[in-house]
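S.K.: Structure below; questions to follow.
Residue numbers (our numbering), protein chains in the order written: chain A, 3 to 149; chain B, 64 to 246.
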């Protein structure tokens with residue numbers, strides 16, 4: 003099992019899946035900070051004075067590490083950052099569900115449910131597993147063996 | 064010697080693996096990505112056509128207003144009620160027809176965001192004759208009212224507002240409501 007998990011091909015697949023998911027989910031949000039701020043407001047975990055700043059920075063905070071993973075630059079750091087973000091998203095989603103609030107998550111529309119629900123938590127948990135694989139056994143297309 | 068010859072050697076050297084073997088190196092790398100991402104976001108917002116201020120404008124303490132597209136203004140609950148009483152604006156309900164039928168602001172027309180063309184066409188006379196337009200949806204985190212307001216702005220020169228706190232605030236404040244599929 004460990005051999006399979008640590009295999010470079012597994013690493014490449016995890017890296018491309020995680021990086022691709024974040025790039026896909028964020029490239030359309032890059033210049034729509036107003037919409038992102040409204041989505042973040044729904045979670046009610048950030049002070050209203052900081053919503054604009056969060057709306058401006060969040061899409062880039064997800065896209066740049068995602069792109070770095072796709073390329074294979076600083077894979078461990080990028081995966082650590084995205085893993086941390088995913089953990090925050092899971093905590094925020096759990097809080098929203100505990101409060102009984104029904105909101106849009108604005109995550110991967112139109113591939114799966116766009117609402118904060120168990121499916122979102124499950125999806126983010128799987129993505130965290132991908133991040134852990136990358137942190138444990140980082141790979142990069144940019145690495146090559148000596149001739 | 065043979066063992067070192069088979070070790071991976073990064074093409075881009077430091078960018079791929081430098082410092083990535085220690086916890087401190089990984090964390091420093093994460094911090095660097097964080098700083099670069101934040102800077103990119105701030106620069107992109109600076110030159111974006113939908114640029115928003117870094118911090119919201121100071122308003123009444125109990126009224127939050129989120130950033131809106133250019134040309135669309137926010138209307139606080141008290142002002143929305145005043146506009147309703149004075150008949151100084153046309154209210155546009157951006158929710159689904161089912162939600163609209165279950166209860167809406169008296170006089171509000173229904174233009175669901177998912178059927179904007181048909182909804183706007185069938186209410187074009189009212190949109191043309193209204194002194195101002197106020198859109199609303201369930202609550203502050205929904206984007207539908209903003210979306211509908213943005214699209215009305217493309218076909219109307221009237222002042223356009225979004226009642227951001229929306230239907231939930233209207234009900235919470237015990238304002239008049241009416242049911243059915245007619246305004």
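Even for Gly, the Cβ is constructed at its ideal location relative to N, Cα and C.
1) Using the beta-carbon of each residue, which ones in chain E are nearer than 8 Å to residue 59 of chain A?
2) For a contact defined as C-beta to C-beta under 9 Å, what are the partners of residue 35 of chain A on chain B?
3) Where residue 2 of chain A and residue 85 of chain A are concerned, what is the direct C-alpha to C-alpha distance, given to the nearest angstrom?
4) With a threshold of 8 Å on Cβ separation, who are the neighbours of residue 104 of chain A within its own chain once the five nearest residues in sequence on each side are excluded?
5) Since residue 231 of chain B contacts residue 202 of chain B with CB under 8 Å, what's their CB separation in whole angstroms?
6) For residue 122 of chain A, which residues of its own chain have a beta-carbon under 6 Å away from its beta-carbon, when the five flanking residues on both sides are left out?
7) Since residue 129 of chain A and residue 20 of chain A should fall inside the 8 Å C-beta cutoff, what is the C-beta to C-beta distance between them, to a whole number of angstroms?
8) Exposed or buried, what is residue 108 of chain B when buried is set at 16 or more other beta-carbons lying within 10 Å of its beta-carbon?
9) Do residue 211 of chain B and residue 174 of chain B have their beta-carbon atoms positioned less than 8 Å apart in this structure?
10) Would you report the Cα separation of residue 67 of chain A and residue 240 of chain B, rounded to the nearest angstrom?
11) Quick check on residue 29 of chain A - is its C-beta less than 8 Å from some C-beta in chain B?
12) State the start and end residues of the unbroken alpha helix (DSSP H) segment that holds residue 89 of chain B.
13) Spatial neighbours of residue 184 of chain B within its chain, please: CB distance less than 8 Å, with the 5 preceding and 5 following residues excluded, ordered by chain position.
14) Looking at residue 31 of chain A and residue 50 of chain A, is the spacing between their C-beta atoms short of 8 Å?
15) Give the residues of chain B in contact with residue 79 of chain A, contact being defined as C-beta atoms less than 9 Å apart.
16) For residue 136 of chain B, write down the residues that DSSP places opposite it in a beta bridge.
17) Three-state secondary structure (DSSP) at residue 19 of chain A?
M.R.: The short version:
1) Absent here is chain E; the protein component of the structure consists of chains A and B.
2) Correct list: 104, 107, 108, 111, 113, 114, 115, 130.
3) Only positions 3 to 149 of chain A appear in the structure, and residue 2 of chain A is not among them; the question remains open.
4) Beyond the five residues adjoining it in sequence on each side, residue 104 of chain A comes within less than 8 Å, by CB distance, of 117, 118 in the same chain, given in chain order.
5) About 4 Å separates the two Cβ atoms, so the contact holds.
6) Result list for residue 122 of chain A: 95, 107, in chain order.
7) In this structure, residue 129 of chain A and residue 20 of chain A form a Cβ contact; the two beta carbons are roughly 6 Å apart against a cut-off of 8 Å.
8) Per the 10 Å Cβ criterion, buried.
9) Their beta carbons are under 8 Å apart, which means residue 174 of chain B touches residue 211 of chain B by this criterion.
10) If I take the Cα positions, the gap works out to 48 Å.
11) No, residue 29 of chain A lies away from the interface with chain B (no Cβ there is under 8 Å from its Cβ).
12) For residue 89 of chain B, the enclosing alpha helix (DSSP H) covers residues 86-110.
13) Here the set comprises nothing.
14) The criterion of a C-beta distance shorter than 8 Å is not satisfied by residue 50 of chain A and residue 31 of chain A.
15) Correct list: 82, 83, 88, 89, 90, 91, 92, 93, 94, 95, 96.
16) Answer is B:224.
17) Correct three-state label for residue 19 of chain A: helix.
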